[in-house]
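If you read the protein sequences in the order shown, they are chains A and B.
If you read the first sequence in this note's numbering, its first letter stands for residue 1, the second for the next number, and so on.
If you read the second sequence in this note's numbering, its first letter stands for residue 557, the second for the next number, and so on.
In this text, a Cβ means the ideal position worked out from N, Cα and C, and glycines have one as well.
Take a look at the structure below.
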Amino acid sequence: MAVVYMKKLEEEPDTYDEKFTTLTKGINREIQEWILRKIKSGNSILEIGCGTGSLAAKMAILGNNVVAIDKNPQMIDFAMKDFPDEDNLQLLYQIGSFSDYFVTEGSKDVIVNTFMLSELRPFEQQAFLRYAWKTLKQDGRLLIGAEFVPSGFWKLPFKIRRWRFKKKIRRLKLRSTHLVRWFFNYLNPIGFKINTIKQWKHGSIKALELIKINKNQNNEPGFYQPNPRNFRNFYSQLRIYRCIFTGQTDHVPIEPGIYQSGNPTKNSPIIVTANYEFTYYKVMRDLEGIDAWVLCLDSDGINVLCAARGNNFGNAQLLEAINASGITNLTEQKTLILPQLSAGGISIPELPKKSQNFPFKVVYGPIWSKYLPEYIKDRPVRKPDYMKIAKFNIFHRIRAGITHTTFLFRKIFLIPIFALLILFMLIGRLNQIWWIGEISLNIIITNFLISILFPLSNFTRKFIYKGIFFGLMNIIILGGIGWIIHNSIIYILWHLGFYFWISYFSTMSFSGYSMATSPREIQAEYPVFRPTNLTLIVIVFVLLLIIIVFKPINFI
Amino acid sequence: MTETNNKSCCTPTSMDNLTNFLNTKIFISESKCTGCGLCGDICPFGLPQPTNNGKFDIKNPELCTECSACQRNCPAQAIILQEQKGCGCLWDARQRLKNPNNTCNCG
């Protein structure tokens, strides 16, 4: 678990070893000893990600020829200063990583790698395995120590701890490490077999001894292709709901890689998309009945539009996916069909510059995946308007409304609602708990109204004006209903405050869904929004206190 | 990963001056435009429209969301746009007010 903190520790090499040992409760030392026992002496070793060089030095002292690389110059600097004081040591420290450090193919007996897997994205892990495969001699060994997700019961406490650490990491504004989720799937297809596994802490830390196998006798490592996922069953439907309910905040990644729609041949079209689970099901369902390759690149479990704007669906990810998935071995097709909305992240003119022989022609397909079949069939030179214009129609808006409502309850109203509940219990007003239900219901209705009636506010592009418009509308509609039900003056004041605020706030927050908002406009509006929002919150809070203290007539 | 956003055909300062001077978010340089129509095909709002002389022009630049799709894909680098980092969502704006390098964490 501690591995999440690694990024922080790496900033201070001199205390790295000590602190890391504390974090892993000494397991890193045990892994080092395990590795030393496994390699004995007389081997030619490459250590990737050597850190402070503590393991590399020990391996060299045992009589091995060690080359140790790390991409962090500070670490190498520290390792060099700490160079062991012995004669005839064959130990070389170099700055580099597996993606850029050249080693003669088939030249090493052993490759060692401790606590680095969690820093690699899924495609990078595959690339790392292929690099190790190429560098190793026949029957060479790859020794890995890393943090894994335990299986069975111990998965649960692991996930809870991980979630807590992640929150902390986010607060400290650190880049977190990745969860090593699918690593074991890659081993056999790429060309490794597991010889020994040693586990610590119920399998949350493992040490692996892998042996290189030459599967297809062509002296090339294989490529991994993820298992197809059923996109029509009940489970997939549940996963779609999960994505809709948590859309605004959660990353929901599936394994990146090549998937197949139907039985694609060497000439079938290649559709590129994000590895957000919702996106995958949507694309696969829309493609049903068509033979095509579907390349899910690693957008970190984010949808195409957001990923493209946020540097998660760009040239780097596209090239990574093409190289790591081995798509060029599967097909002779030379055209990639990208989602139109990824154009905000991809740059076609830059692609050949980044990769010397970029083998593909890239075209942008339709804006919504439901037009993919038509696009593939007709391949229009100019897309008709319905295939390229972003709409925010009633279905999109309802989905956005649902996502936003769940977002409000999860991230904003969860604690206040519980606080109110406990307060009501403490002051002995159990018979008024229904009122909290009414507030929750009103939050839902407000969001529903905004999502249905959103086009009414098209008279302006400013979300603050839209917010005021819907706030006033909400006062009239919900306030009117509240007046009829409760018939109380103080209560009407609460309506004015709360309904206006919730509407104003929700409309502002809707900006991200409409697709038509520009970052410049919303960033210019935010400094105005913030103080007005805070003022409204204070007013709402005061009104709430008044209601609780004075118990207006008819309400109590 | 961040480098993709930084690159553009000109230096940011000269772009700043040009777009500010013209008081517009985006425009297509008529002399550079080859009329290939890619921008019109990828703009989610269909803003670039063909003109009489076979080139493309943006009639309603105020509707542009500065997504930079056309600019980064234009083969002739004919589109002048001062790209604003971030997406159009409120939470992104909130994070960026604290620190311009922050993101909304969903992208």
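For this session: Please name the residue, chosen from A/ILE427, A/ALA146, A/ARG285, that lies closest to A/GLU30 on a Cα-to-Cα basis.
Result: Position 30 of the first sequence, counting from 1, holds the residue named residue 30 of chain A. Nearest C-alpha to A/GLU30: A/ALA146.
Exercise. Can A/ILE144 and A/THR24 be called in contact, C-beta distance under 8 Å?
Worked result: Position 144 of the first sequence, counting from 1, holds the residue named residue 144 of chain A. Position 24 of the first sequence, counting from 1, holds the residue named residue 24 of chain A. For A/ILE144 and A/THR24, no; Cβs fall outside 8 Å.
Problem set entry | For A/GLU47, the three-state DSSP class (helix, strand or coil) | As a first step, residue 47 of chain A is located in the first sequence; it is residue number 47 there, counting from the start. DSSP places A/GLU47 in strand when its eight states are reduced to three.
For this session: At 4 residues or longer, and completely inside the stretch 123 to 187 of chain A: list those alpha helix (DSSP H) runs for me, N to C.
Result: 155 to 171
Exercise. Excluding five sequence neighbours on each side, which residues of the same chain lie with their C-beta closer than 6 Å to the C-beta of A/GLY471?
Worked result: Counting from 1 along the first sequence, the entry for residue 471 of chain A is found at position 471. Excluding positions up to five away in sequence, the list reads PHE500, SER503, TYR504.
Exercise. Rounded to the nearest angstrom, how far is the Cβ of A/TYR386 from that of B/ASP597, given a contact under 8 Å?
Worked result: As a working note, residue 386 of chain A is residue 386 in the first sequence. As a working note, residue 597 of chain B is residue 41 in the second sequence. Actually they are not in contact, since the Cβ atoms of A/TYR386 and B/ASP597 sit about 13 Å apart, beyond 8 Å.
Exercise. Ordered along the chain, which non-local residues of its own chain (more than five positions away) have a Cβ less than 8 Å from that of A/THR249?
Worked result: Walking along the first sequence from the start, residue 249 of chain A turns up at place 249. If we look at A/THR249 and ignore the five residues flanking it on each side, its Cβ neighbours are PHE407, ARG410, LYS411.
For this session: Would you please state the rounded distance, in angstroms, between the beta carbons of A/TYR93 and A/ILE76? I believe it to be under 8 Å.
Result: As a position in the first sequence, residue 93 of chain A is number 93, starting the count at 1. As a position in the first sequence, residue 76 of chain A is number 76, starting the count at 1. About 5 Å; that satisfies the 8 Å criterion.
Exercise. Expressed to the nearest angstrom, what Euclidean distance is found between the alpha-carbon atoms of A/TYR276 and A/VAL180?
Worked result: Here residue 276 of chain A corresponds to residue number 276 of the first sequence, with the count starting at 1. Here residue 180 of chain A corresponds to residue number 180 of the first sequence, with the count starting at 1. Each residue's alpha carbon lies about 17 Å from the other.
Problem set entry | Length of the line joining the Cα atoms of B/CYS645 and A/SER509 | Start at 1 with the first residue of the second sequence, and residue 645 of chain B comes out as number 89. Start at 1 with the first residue of the first sequence, and residue 509 of chain A comes out as number 509. Taking the straight line joining both Cα atoms gives about 7 Å.
For this session: Can you give me, in chain order, the residues of the stretch 306 to 327 of chain A that have a beta carbon less than 9 Å from any beta carbon in chain B?
Result: CYS306, ALA307, ALA308, ARG309, GLY310, ASN311, ASN312, PHE313, GLY314, ASN315, ALA316, GLN317
For this session: Answer yes if the stretch 477 to 494 of chain A comes into contact with the stretch 519 to 538 of chain A, meaning at least three C-beta pairs across the two stretches below 8 Å, and no otherwise.
Result: no
For this session: For A/ASP70, write down the residues that DSSP places opposite it in a beta bridge.
Result: Position 70 of the first sequence, counted from the start, is the residue given in the question as residue 70 of chain A. Per DSSP, A/ILE95.
Exercise. Within the 8 Å Cβ cut-off, does A/ALA634 reach chain B?
Worked result: Given that chain A is displayed from residue 1 to residue 556, the structure contains no residue 634 of chain A and the question cannot be resolved.
Problem set entry | Backbone secondary structure at B/THR567 - three-state DSSP | In the second sequence, the residue the question calls residue 567 of chain B occupies position 11. With a pLDDT of only 49 at B/THR567, under the threshold of 50, the placement of this residue in the model should not be trusted; the figure read from the coordinates follows. Residue state, collapsed to three classes: coil.
For this session: Could you list which residues in chain A have their beta carbon closer than 8 Å to that of B/ILE598, in chain order?
Result: Residue mapping note: residue 598 of chain B aligns to position 42 of the second sequence, counting from 1. Going along chain A in sequence order, the residues near B/ILE598 (Cβ under 8 Å) are GLN340, ALA343, TYR364, LYS388.
Problem set entry | Range of the contiguous beta strand (DSSP E) that encloses A/VAL381 | Residue mapping note: residue 381 of chain A aligns to position 381 of the first sequence, counting from 1. Taken as a continuous stretch (DSSP letters only), A/VAL381 belongs to no beta strand (DSSP E), as it is neither H nor E.
Exercise. How do the stretch 310 to 320 of chain A and the stretch 584 to 596 of chain B stand: do at least 3 beta-carbon pairs fall below 8 Å, yes or no?
Worked result: no
Exercise. Taking just the CA atoms, how far does A/TYR224 sit from A/ALA524?
Worked result: Your numbering for residue 524 of chain A matches position 524 in the first sequence. Your numbering for residue 224 of chain A matches position 224 in the first sequence. In a straight line, the C-alpha of A/ALA524 is about 46 Å away from that of A/TYR224.
Exercise. A/GLU10 to A/ILE48, Cα distance in whole Å?
Worked result: To locate residue 10 of chain A, count along the first sequence from 1; it is residue 10. To locate residue 48 of chain A, count along the first sequence from 1; it is residue 48. Looking at the two C-alpha atoms, the distance is approximately 15 Å.
For this session: Name, please, each residue of chain B whose Cβ falls closer than 9 Å to the Cβ of A/TYR526.
Result: Start at 1 with the first residue of the first sequence, and residue 526 of chain A comes out as number 526. Those are LEU646, ALA649, ARG650, ARG652, LEU653, listed as they occur along chain B.
Exercise. Is A/VAL274 helix, strand or coil by DSSP?
Worked result: By 1-based counting over the first sequence, the position of residue 274 of chain A is 274. Here the sequence assigns Ala to residue 274 of chain A, which means Val is not the residue at that position. In the structure shown, A/ALA274 sits in coil (DSSP, three-state: anything other than H, G, I, E or B).
Exercise. Alpha helix (DSSP H) containing A/VAL528: first to last residue?
Worked result: Working through the first sequence from its first residue, we reach residue 528 of chain A at position 528. Per DSSP, A/VAL528 belongs to the alpha helix (DSSP H) from 519 to 550.
Exercise. If we count the other Cβ atoms within 10 Å of its Cβ and call it buried at 16 or more, is A/MET116 buried or exposed?
Worked result: Against the first sequence, residue 116 of chain A aligns to sequence position 116. Buried: at least 16 other Cβ atoms inside 10 Å.
Exercise. So is A/ILE518 in contact with chain B if we call contact Cβ pairs under 8 Å?
Worked result: Within the first sequence, numbered from 1, the residue matching residue 518 of chain A stands at position 518. Here the sequence assigns Ser to residue 518 of chain A, which means Ile is not the residue at that position. Yes, because at least one Cβ of chain B sits closer than 8 Å to the Cβ of A/SER518.
For this session: Name the two residues that bound the continuous alpha helix (DSSP H) containing A/CYS566.
Result: Residue 566 of chain A lies beyond the stretch modelled for chain A, which goes from 1 to 556, so this question has no answer here.
Exercise. Secondary structure at A/LYS213, three-state DSSP: helix, strand or coil?
Worked result: To locate residue 213 of chain A, count along the first sequence from 1; it is residue 213. The question names Lys, but residue 213 of chain A in the sequence shown is Ile. DSSP places A/ILE213 in coil when its eight states are reduced to three.
Exercise. Along chain B, which residues have their Cβ under 9 Å away from the Cβ of A/ILE385?
Worked result: Locating residue 385 of chain A in the first sequence gives position 385, where the first residue counts as 1. Checking the displayed sequence, the identity of residue 385 of chain A turns out to be Asp instead of Ile. Residues of chain B passing the Cβ test: GLY602.
Exercise. Cα-Cα, which of A/VAL149, A/SER514, A/GLY497, A/LEU430 is closest to A/LEU453?
Worked result: Working through the first sequence from its first residue, we reach residue 453 of chain A at position 453. Looking at the Cα atoms, A/SER514 is the closest of the given residues.
Problem set entry | Contact check, B/LEU637 vs B/LEU619, beta carbons under 8 Å | As a first step, residue 637 of chain B is located in the second sequence; it is residue number 81 there, counting from the start. As a first step, residue 619 of chain B is located in the second sequence; it is residue number 63 there, counting from the start. No, Cβ-Cβ distance for B/LEU637 and B/LEU619 is not below 8 Å.
For this session: Using the Cα positions of A/ALA343 and A/ASP85, report the straight-line distance between them to the nearest angstrom.
Result: Counting from one through the first sequence, the residue named residue 343 of chain A turns up at place 343. Counting from one through the first sequence, the residue named residue 85 of chain A turns up at place 85. Cα to Cα, A/ALA343 sits roughly 56 Å from A/ASP85.
Exercise. Going along the stretch 85 to 105 of chain A in order, which residues come within less than 7 Å of chain B, judged by CB to CB distance?
Worked result: none
Problem set entry | Helix, strand or coil at A/SER488 [DSSP, three-state] | For the purposes of this step, residue 488 of chain A is taken as residue 488 along the first sequence, with counting starting at 1. DSSP places A/SER488 in coil when its eight states are reduced to three.
Exercise. CB B/ALA625 to CB B/CYS599, shorter than 8 Å?
Worked result: Within the second sequence, residue 625 of chain B is the residue found at index 69, counting from 1. Within the second sequence, residue 599 of chain B is the residue found at index 43, counting from 1. Yes. Within cutoff.
Exercise. What is the DSSP secondary structure of A/LEU120, counted as helix, strand or coil?
Worked result: Position 120 of the first sequence holds residue 120 of chain A. The answer is coil: DSSP assigns A/LEU120 none of H, G, I, E or B.
Problem set entry | For A/LYS354, the nearest candidate out of A/PRO366, A/GLY314, A/ASN393, A/ILE389 (CA to CA) | Residue 354 of chain A sits at position 354 when you count from the first residue of the first sequence. Cα-wise, what sits closest to A/LYS354 is A/GLY314.
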